[in-house]
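> This note's numbering puts the first residue of the sequence shown at 10, with every later residue one more than the last.
By construction, the Cβ of each residue, glycine as well, lies at the ideal position given by its N, Cα and C atoms.
This structure is a prediction, so every number in the text was calculated from the model and none was measured.
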Amino acid sequence: MDDLKTLYEEIGMPDEAAEALNRTETGISEEATEKLIDGLCGRQTFTVAAAKLKEVFRDDENGFKKLKLMLTAALKSRRLYESAGIGGDVFLDTMKCFSRFVREHREAYGRYGFDRDFWVGRQLSLSLFRLGVLEYEKVVQDGEKAISVHIPSDADLSDEKLSASFELAKKFFRAHFPEYAEGKTFCYSWLLSPALEKLLPETSKILGFQRRFDVLYVNEDEDGYKQWVFKTIDLPPERFPENTTLQRNMKAYVLAGGKIGEAFGILR
Numbered sequence: 010m011d012d013l014k015t016l017y018e019e020i021g022m023p024d025e026a027a028e029a030l031n032r033t034e035t036g037i038s039e040e041a042t043e044k045l046i047d048g049l050c051g052r053q054t055f056t057v058a059a060a061k062l063k064e065v066f067r068d069d070e071n072g073f074k075k076l077k078l079m080l081t082a083a084l085k086s087r088r089l090y091e092s093a094g095i096g097g098d099v100f101l102d103t104m105k106c107f108s109r110f111v112r113e114h115r116e117a118y119g120r121y122g123f124d125r126d127f128w129v130g131r132q133l134s135l136s137l138f139r140l141g142v143l144e145y146e147k148v149v150q151d152g153e154k155a156i157s158v159h160i161p162s163d164a165d166l167s168d169e170k171l172s173a174s175f176e177l178a179k180k181f182f183r184a185h186f187p188e189y190a191e192g193k194t195f196c197y198s199w200l201l202s203p204a205l206e207k208l209l210p211e212t213s214k215i216l217g218f219q220r221r222f223d224v225l226y227v228n229e230d231e232d233g234y235k236q237w238v239f240k241t242i243d244l245p246p247e248r249f250p251e252n253t254t255l256q257r258n259m260k261a262y263v264l265a266g267g268k269i270g271e272a273f274g275i276l277r
């Protein structure tokens with residue numbers, strides 16, 4: 010338990026959420042817990058383990074039972090990081106995703122909770138790493154090893170921070186996963202959508218991020234932007250919040266029949 014409490018502090022878990030986690034009991038056996046942890050920490054098994062987690066904790070209203078077990082799995086991940094020679098700073102920067110997701114849940118729903126259990130197996134299994142302002146995932150694309158870039162909601166997309174992150178990633182993968190360093194680096198995201206050129210000023214950091222990629226195709230029907238721009242996928246466009254310039258412009262664009270979608274691009 011002390012190890013978990015220390016981890017909560019290290020990753021910046023909000024005090025109220027940390028206290029709730031301390032009170033949370035998963036209610037499953039040690040054997041079942043270890044089996045789930047082993048699955049979540051395996052690159053080939055985390056997807057199945059995450060689905061099993063959802064089944065085991067069907068009554069987990071705020072997601073904290075799943076969150077507590079996944080953070081317990083992070084203690085094993087820490088040992089795997091150490092065995093792989095990956096620094097503790099990378100481990101903590103990567104695991105701070107848990108605190109970020111808990112805060113995002115409160116922003117969207119007005120209370121702390123956790124609903125990204127389907128995603129964080131990537132972090133636990135040493136498949137995805139936070140390096141600077143961006144995240145990088147080891148993947149196989151078209152039969153070849155490659156690196157997929159993800160943009161956390163708290164990322165500073167200034168040119169300086171982006172350049173530093175890409176340089177960090179280059180050195181990191183060459184040192185730890187050279188077979189991926191030789192492959193392409195790509196991004197599939199709403200942030201690469203050509204529609205954003207109509208909604209943002211030329212000086213936008215998002216457009217600066219776009220210009221680092223050669224976009225190969227666009228899927229206009231994807232709606233992943235809702236989660237990241239409006240913090241929820243449940244609202245119809247007419248009820249989208251208008252707290253930022255991007256939210257206001259995007260809401261007006263979508264209500265007028267425009268589509269945001271997502272685009273696939275290769276890092277130049």
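#1: If you run the structure through DSSP and keep just helix, strand and coil, what is residue 174?
#2: In or out: residue 103 buried (at least 16 other Cβ within 10 Å) or exposed?
#3: Please state if the CB of residue 209 and the CB of residue 272 are separated by a distance shorter than 7 angstroms.
#4: Quick one, which of 151, 85, 149 has its alpha-carbon nearest residue 130's?
#5: Between which two residues does the alpha helix (DSSP H) harbouring residue 194 extend?
#6: Counting beta carbon pairs with one atom in the region 226 to 240 and one in the region 257 to 273, are three or more of them shorter than 8 angstroms?
#7: Report yes if the CB atom of residue 196 is closer than 7 angstroms to the CB atom of residue 222, and no otherwise.
#8: At which residue ranges does the region 93 to 167 contain complete beta strand (DSSP E) runs of 3 or more residues, listed in the order of the chain?
#9: Give every residue of the same chain whose Cβ lies closer than 6 angstroms to the Cβ of residue 70, excluding the five residues on either side of it in the sequence, and list them in chain order.
#10: Does the beta-carbon distance from residue 204 to residue 269 come in below 7 angstroms?
#11: Answer with buried or exposed for residue 180, where buried requires no fewer than 16 other C-beta atoms within 10 angstroms of its C-beta.
#12: Hey, quick one: how far does the alpha helix (DSSP H) through residue 252 stretch, first residue to last?
#13: Is residue 132 buried or exposed, if buried means 16 or more other CB atoms sit within 10 Å of its CB?
#14: Just mark residue 194 as buried or exposed, buried being the case when its beta carbon has 16 or more other beta carbons within 10 Å.
#15: Please identify the residue among 263, 74, 171, 255 whose C-alpha is closest to the C-alpha of residue 32.
#16: What does residue 36 pair with, by DSSP beta-bridge criteria?
#17: Do you know offhand how far residue 253's Cα is from residue 162's?
#18: What does DSSP give as the partner residue(s) for residue 275 in the beta ladder?
#19: Anyone know if the C-beta pair for residue 250 and residue 264 falls short of 7 angstroms?
#20: Below 6 angstroms CB to CB, which residues in the same chain sit around residue 148 once its five sequence neighbours on both sides are set aside?
#21: Which class does residue 71 belong to by DSSP, given the choice of helix, strand or coil?
#22: Just checking my contact of residue 51 with residue 134 at CB under 8 angstroms: how many whole Å lie between their CB atoms?
#23: Between the region 112 to 120 and the region 232 to 242, are three or more C-beta pairs nearer than 8 angstroms?
#24: Should residue 144 be labelled buried (16 or more other beta-carbon atoms within 10 Å of its own) or exposed?
#25: What residue does the alpha helix (DSSP H) around residue 188 start on, and which one ends it?
The relevant details are as follows:
#1: helix
#2: buried
#3: no
#4: 85
#5: Note, residue 194: premise wrong, no alpha helix (DSSP H); beta strand (DSSP E) at 194 to 198.
#6: yes
#7: yes
#8: 137 to 140, 143 to 150, 153 to 159
#9: none
#10: yes
#11: exposed
#12: Residue 252 -> no alpha helix (DSSP H), and no H or E assigned at all.
#13: buried
#14: buried
#15: 74
#16: According to DSSP, which records beta bridges pairwise, residue 36 is partnered with nothing at all.
#17: 14 angstroms
#18: 195, 223
#19: no
#20: 155, 157
#21: coil
#22: 6 angstroms
#23: yes
#24: buried
#25: 187 to 190
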